[in-house]
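Enquirer:
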Amino acid sequence: LFFSHRDLDWLLSKYDSGESFVLYTGRGPSGHTHIGHLVPWIFTKWLQDKFDAELYFQLTDDEKFLMNRQLSLDDTQKFAQENALDIIAVGFDPKKTKIFFDTSYAKTLYKIAVRVAKLTTFSTAKAVFGFNNSTNIGMAFFPSMQAAPCFLPSELAGKKVPVLIPAAIDQDPYWRISRDVAERLGYYKPAQIHSMFLPGLQGPGSKMSASKPNTAIFTTDSLDVAEKKVMGAFTGGRGSLKEQREKGGNPNICTVYQYMYYIFEPSDEKIKQMREDCKAGRVTCGECKQRLAKYVIAFLKEHQKRRKNAKKNIDKFLVKD
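Under the working numbering, the letters of the sequence shown match residues 675 to 995, in that order.
In structure tokens form, the structure reads like this:
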């Protein structure tokens, strides 16, 4: 799932020489959290645990308000509050994790963002993000707000601090802008590690979407709903059971197999066996779906329990101006 990086080797050499780094990632709160969102967060938690790193987690309630005509600012702030519960439920260290909403941390972020904006021409922003004459001026400025946390640890520490951003590949344009201005502002360039997207439940080419409930398993789904979604997921199976037994299935295009491979099955040996059984026709799609459903239900039970507990602890994580 994590397939490319920028300057990760440089960052690790800094760490090896005794210089700690800070993690930064985020979420655009336009809806409820689905399992695809959790993938880079779970990896970020692993990084936090492995390197004993601080984490800055940005919730861009301003961006989603500016971007989506159907969402009010109240809507995006409520989604941010809900998404924060899922972030906390992943298990981040409250002593080393700062979660903030842009609209309630703007005073801190703006001092950095305005300096980023001064060095970023509209021509650059237009080329990178595809802005045109119908783009509102809020969206034209927003990339500076997303760049600001790249440099916030340095501002707070009063010295250059290395930053690593684990995030989905679609966010890379923001970090390109950040890297372009970093040294002129007196900061290190932020390092990145990129994840690809899990496919939606409809199979290859489909995307999980908060606005299309059947494309993804959401952390707020009931166990029954989640199970039904899994049982209706796209697979690489044949048109009939007879053909499946004779010719086998195609795990390369199977959503069920990919979810097991990337998220739910920790055993490499079991994944290898699952793939071989599929290709040899020794297992049906229904059997694989039932297997995945058990994993999903067990995961949701535990996550929803931690999510409920997060409501009591949210103030330990949130920072505001």
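Ideal Cβ placement from N, Cα and C applies to all residues, glycine included. Small disclaimer: the values here were computed from a predicted structure and weren't measured.
Run the CB neighbour count on I811, radius 10 Å, all protein chains shown included, and call it buried at 16 or more, exposed below.
Expert: Counted from its first residue, the sequence shown places residue 811 at position 137. I811 should be labelled exposed.
Enquirer: Check F908 in the structure and name its three-state DSSP category.
Expert: Counted from its first residue, the sequence shown places residue 908 at position 234. Note: F908 maps to coil in three-state DSSP.
Enquirer: Measure the C-alpha to C-alpha separation of E961 and E976 and round it to an integer number of angstroms.
Expert: To locate residue 961, count along the sequence shown from 1; it is residue 287. To locate residue 976, count along the sequence shown from 1; it is residue 302. Going from the Cα of E961 to the Cα of E976 covers about 23 Å.
Enquirer: Could you tell me which whole alpha helix (DSSP H) segments of length 4 or greater appear in the stretch 685 to 733?
Expert: 709 to 725
Enquirer: Mind the definition here: the stretch 733 to 747 touches the stretch 970 to 987 only if three or more C-beta pairs lie below 8 Å; say whether that holds.
Expert: no
Enquirer: Evaluate R858 with the Cβ neighbour count: other Cβ atoms within 10 Å of its Cβ, from every protein chain shown; 16 or more gives buried, anything less gives exposed.
Expert: What you label residue 858 is simply residue 184 of the sequence shown in a count that begins at 1. R858 is exposed by the Cβ-count criterion.
Enquirer: If I follow the unbroken alpha helix (DSSP H) through K752, where does it start and stop?
Expert: For the purposes of this step, residue 752 is identified with residue 78 of the sequence shown, where counting begins at 1. L747 to A763 is the span of the alpha helix (DSSP H), which, as asked, contains K752.
Enquirer: Could you tell me if N757 is buried or exposed, where buried requires 16 or more neighbouring beta carbons within 10 angstroms of its beta carbon?
Expert: In the sequence shown, residue 757 corresponds to position 83, counting from 1. It is buried - the Cβ of N757 has at least 16 other Cβ atoms within 10 Å.
Enquirer: A890 and S896: beta carbons closer than 8 Å?
Expert: Translated into positions along the sequence shown, residue 890 becomes position 216. Translated into positions along the sequence shown, residue 896 becomes position 222. No; because the gap between Cβ atoms is not below 8 Å, this pair is not in contact.
Enquirer: What does R680 pair with, by DSSP beta-bridge criteria?
Expert: Stepping through the sequence shown from its first residue, residue 680 is reached at position 6. BP columns for R680 point to Q866.
Enquirer: Can you list, in chain order, the residues of its chain whose CB lies under 7 Å from that of Q918, leaving out five sequence neighbours each side?
Expert: Reading the sequence shown from its first residue, position 244 is the one you call residue 918. Cβ neighbours of Q918 beyond the five flanking positions: G911, R912, G955 and T958.
Enquirer: Exposed or buried, which one is K769 when buried takes at least 16 other CB atoms within 10 Å?
Expert: Indexing the sequence shown from 1 puts residue 769 at position 95. Counting Cβ neighbours within 10 Å, K769 comes out exposed, since fewer than 16 surround it.
Enquirer: Have a look at V855 and K886 and give me their C-alpha separation to the nearest angstrom.
Expert: One-based indexing of the sequence shown puts residue 855 at position 181. One-based indexing of the sequence shown puts residue 886 at position 212. Distance between the alpha carbons of V855 and K886 is about 37 Å.
Enquirer: Got a sec, what are the start and stop residues for the beta strand (DSSP E) P768 sits in?
Expert: Here residue 768 refers to the residue found at position 94 of the sequence shown. Premise fails: P768 is in no beta strand (DSSP E) and is neither H nor E.
Enquirer: Taking 8 Å as the threshold (C-beta atoms), are I927 and P864 in contact?
Expert: For this step, residue 864 is matched to residue 190 along the sequence shown. For this step, residue 927 is matched to residue 253 along the sequence shown. It is not a contact, given that the beta carbons lie outside the stated cut-off.
Enquirer: When you compare the CB positions of L872 and Y969, do they come within less than 8 Å of one another, or not?
Expert: As a first step, residue 872 must be located in the sequence shown, where it is residue number 198. As a first step, residue 969 must be located in the sequence shown, where it is residue number 295. Contact: no.
Enquirer: Whose C-alpha, out of E693, T699 and R850, is nearest the C-alpha of W715?
Expert: Within the sequence shown, numbered from 1, the residue matching residue 715 stands at position 41. Checking every option, the nearest Cα to that of W715 belongs to T699.
Enquirer: Nearest-angstrom Cα distance between K1054 and I773?
Expert: With the chain covering only 675 through 995, there is no way to say anything about residue 1054.
Enquirer: Excluding the five sequence neighbours on either side, which residues of its own chain have a C-beta within less than 7 Å of the C-beta of F815, listed in chain order?
Expert: By 1-based counting over the sequence shown, the position of residue 815 is 141. Excluding positions up to five away in sequence, the list reads A791.
Enquirer: Could you give the distance in angstroms between the alpha-carbon of N987 and the alpha-carbon of N924?
Expert: As a working mapping, residue 987 is identified with position 313 in the sequence shown. As a working mapping, residue 924 is identified with position 250 in the sequence shown. Roughly 45 Å between the two C-alpha positions.
Enquirer: Please go through the same chain and pick out, in chain order, the residues whose beta-carbon is closer than 6 Å to the beta-carbon of R701, but skip the five residues on each side of it.
Expert: Counting from one through the sequence shown, the residue named residue 701 turns up at place 27. Apart from sequence neighbours up to five positions away, the residues of its chain that approach R701 with a beta-carbon distance below 6 Å are L733 and N757, ordered along the chain.
Enquirer: I'd like to check one pair, V993 with V835: are the Cβ atoms closer than 8 Å?
Expert: On the sequence shown, residue 835 is found 161 positions in, with the first residue counted as 1. On the sequence shown, residue 993 is found 319 positions in, with the first residue counted as 1. Against a cut-off of 8 Å, the Cβ pair of V993 and V835 comes out as no contact.
Enquirer: Identify whether K781 lies in helix, strand or coil by the three-state DSSP scheme.
Expert: Within the sequence shown, residue 781 is the residue found at index 107, counting from 1. Of the three classes helix, strand and coil, the one that applies to K781 here is helix, per DSSP.
Enquirer: Please classify L740 as buried or exposed, where buried requires at least 16 other C-beta atoms within 10 Å of its C-beta.
Expert: Counting from 1 along the sequence shown, the entry for residue 740 is found at position 66. Flag for L740 reads buried.
Enquirer: By DSSP, does S1047 sit in helix, in strand, or in coil?
Expert: Summary: the structure shown does not reach residue 1047, with the chain confined to residues 675 through 995, and so no result is reported for it.
Enquirer: Looking at the unbroken alpha helix (DSSP H) that takes in I851, where does it start and where does it end?
Expert: For this step, residue 851 is matched to residue 177 along the sequence shown. It spans D846 to A856 - the alpha helix (DSSP H) in which I851 sits, taken as one unbroken run.
Enquirer: Look at the Cβ atom of Q751, then the Cβ atom of F775, and state whether they are nearer than 8 Å.
Expert: Within the sequence shown, residue 751 is the residue found at index 77, counting from 1. Within the sequence shown, residue 775 is the residue found at index 101, counting from 1. Yes, Cβ-Cβ distance for Q751 and F775 is below 8 Å.
Enquirer: Please classify P940 as buried or exposed, where buried requires at least 16 other C-beta atoms within 10 Å of its C-beta.
Expert: Translated into the one-based positions of the sequence shown, residue 940 becomes position 266. Looking at its Cβ environment, which holds fewer than 16 other Cβ atoms inside 10 Å, P940 is exposed.
Enquirer: Considering only residues of the same chain and omitting the five flanking positions on each side of C952, which have a CB-CB separation below 6 Å?
Expert: One-based indexing of the sequence shown puts residue 952 at position 278. Counting only Cβ-Cβ distances below 6 Å, and skipping sequence neighbours, we find G923 and P925.
Enquirer: If I'm right that K781 touches D995 with Cβ under 8 Å, what's the distance once you round it to whole angstroms?
Expert: As a working note, residue 781 is residue 107 in the sequence shown. As a working note, residue 995 is residue 321 in the sequence shown. Right, the Cβ-Cβ distance comes to about 4 Å (below 8 Å), so this counts as a contact.
Enquirer: Any idea which residues DSSP pairs L992 with across the strands?
Expert: Along the sequence shown, one-based indexing puts residue 992 at 318. Paired residue(s): I773.
Enquirer: Rounding to the nearest angstrom, what Cα-Cα distance links P840 and L721 in this structure?
Expert: Reading the sequence shown from its first residue, position 166 is the one you call residue 840. Reading the sequence shown from its first residue, position 47 is the one you call residue 721. For P840 and L721, the distance between alpha carbons rounds to 9 Å.
Enquirer: Looking at the structure shown, is A890 part of a helix, part of a strand, or coil, going by DSSP?
Expert: As a working note, residue 890 is residue 216 in the sequence shown. Of the three classes helix, strand and coil, the one that applies to A890 here is coil, per DSSP.
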